[in-house]
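Scroll down for the structure; my scribbles are underneath it.
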């Protein structure tokens, strides 16, 4: 994900978190209650990555840089501060990511092991990587076919 573009599988997984109101190929829009919760936690000295992880957003999937930027934005956002002052930290500490019928209560394993959501991430990322590999092969074969059809004979 070095280009900053989220794959369809990543968008699906990220969009499954109740912390996310919208996700595009380049941007993740966080819900206001989650932004306020993030601000409250980091103001108390909490780890931003831990807050995202608890919300079902694995930092390895969304990227640590996005977490840093979101945290900096939230810290400097007057609307988020105002919302937090008016409403308090109303974020539910046990969010349940939505995966079209798959609901996992064990977002962070209590014994330090892997959670069900982590396994879903691993599977979806493996599928995404395989799809990307197949797409590259299709593009290469299409280019070779075009070369043959043009009669250039260069099919290497």
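Residue numbers (this note's numbering): 335 to 490.
Using N, Cα and C, we set each Cβ at its ideal position, and we do this for glycine too.
All of these numbers come straight from a predicted model, not from anything done at the bench.
Practice problem: Report buried or exposed for residue 468, applying the criterion of at least 16 other Cβ atoms within 10 angstroms of its Cβ. | Solution: Position 134 of the chain shown holds residue 468. Classification for residue 468: exposed.
Quiz item: What is the rounded straight-line gap between the Cα of residue 387 and the Cα of residue 470?
Solution: Sequence index remark: in the chain shown, residue 387 carries index 53 (1-based). Sequence index remark: in the chain shown, residue 470 carries index 136 (1-based). One alpha carbon belongs to residue 387, the other to residue 470, and they sit about 32 angstroms apart.
Quiz item: Roughly how many angstroms lie between the CA atoms of residue 399 and residue 393, to the nearest whole one?
Solution: Within the chain shown, numbered from 1, the residue matching residue 399 stands at position 65. Within the chain shown, numbered from 1, the residue matching residue 393 stands at position 59. C-alpha separation (whole angstroms): 9 angstroms.
Quiz item: From this set, 356, 371, 384, which residue's C-alpha is nearest residue 421's C-alpha?
Solution: Numbered from 1 along the chain shown, position 87 holds the residue referred to as residue 421. Nearest of 356, 371, 384 to residue 421, Cα basis: 371.
Quiz item: Helix, strand or coil for residue 394 per DSSP?
Solution: As a first step, residue 394 is located in the chain shown; it is residue number 60 there, counting from the start. The DSSP-derived three-state label of residue 394 is helix.
Quiz item: Name the DSSP beta bridge partners of residue 364, please?
Solution: Walking along the chain shown from the start, residue 364 turns up at place 30. Under the DSSP definition of a beta bridge, residue 364 partners with 354.
Quiz prompt | Beta-carbon gap between residue 351 and residue 389 smaller than 7 angstroms | solution = On the chain shown, position 17 is the one that residue 351 refers to. On the chain shown, position 55 is the one that residue 389 refers to. In this structure, residue 389 lies closer than 7 angstroms to residue 351 by Cβ.
Quiz item: Quick one: Cα of residue 447 to Cα of residue 397, how far?
Solution: Residue 447 sits at position 113 when you count from the first residue of the chain shown. Residue 397 sits at position 63 when you count from the first residue of the chain shown. Only weak support is given to the placement of residue 447: the predicted model assigns it a pLDDT of 46, under 50, and the value that follows is read from those uncertain coordinates. C-alpha separation (whole angstroms): 21 angstroms.
Quiz prompt | Proximal residues to residue 408 (C-beta, below 7 angstroms), its chain only, five neighbours per side dropped | solution = Position 74 of the chain shown, counted from the start, is the residue given in the question as residue 408. Its chain contains 369, 372, 373, 414 as the residues whose beta carbon lies nearer than 7 angstroms to that of residue 408, once the 5 sequence neighbours on both sides are disregarded; these appear in chain order.
Practice problem: In angstroms with no decimal places, state the Cα-to-Cα distance between residue 472 and residue 338. | Solution: Along the chain shown, read from residue 1 onward, the residue named residue 472 stands at position 138. Along the chain shown, read from residue 1 onward, the residue named residue 338 stands at position 4. About 23 angstroms.
Quiz item: Taking buried to mean at least 16 other C-beta atoms within 10 Å of its own C-beta, is residue 435 buried or exposed?
Solution: For the purposes of this step, residue 435 is identified with residue 101 of the chain shown, where counting begins at 1. Since pLDDT at residue 435 reaches only 40, below the 50 mark, its modelled position is unreliable, and the value read off the structure follows with that caveat. By the neighbour-count rule (16 or more Cβ atoms within 10 Å), residue 435 is not buried but exposed.
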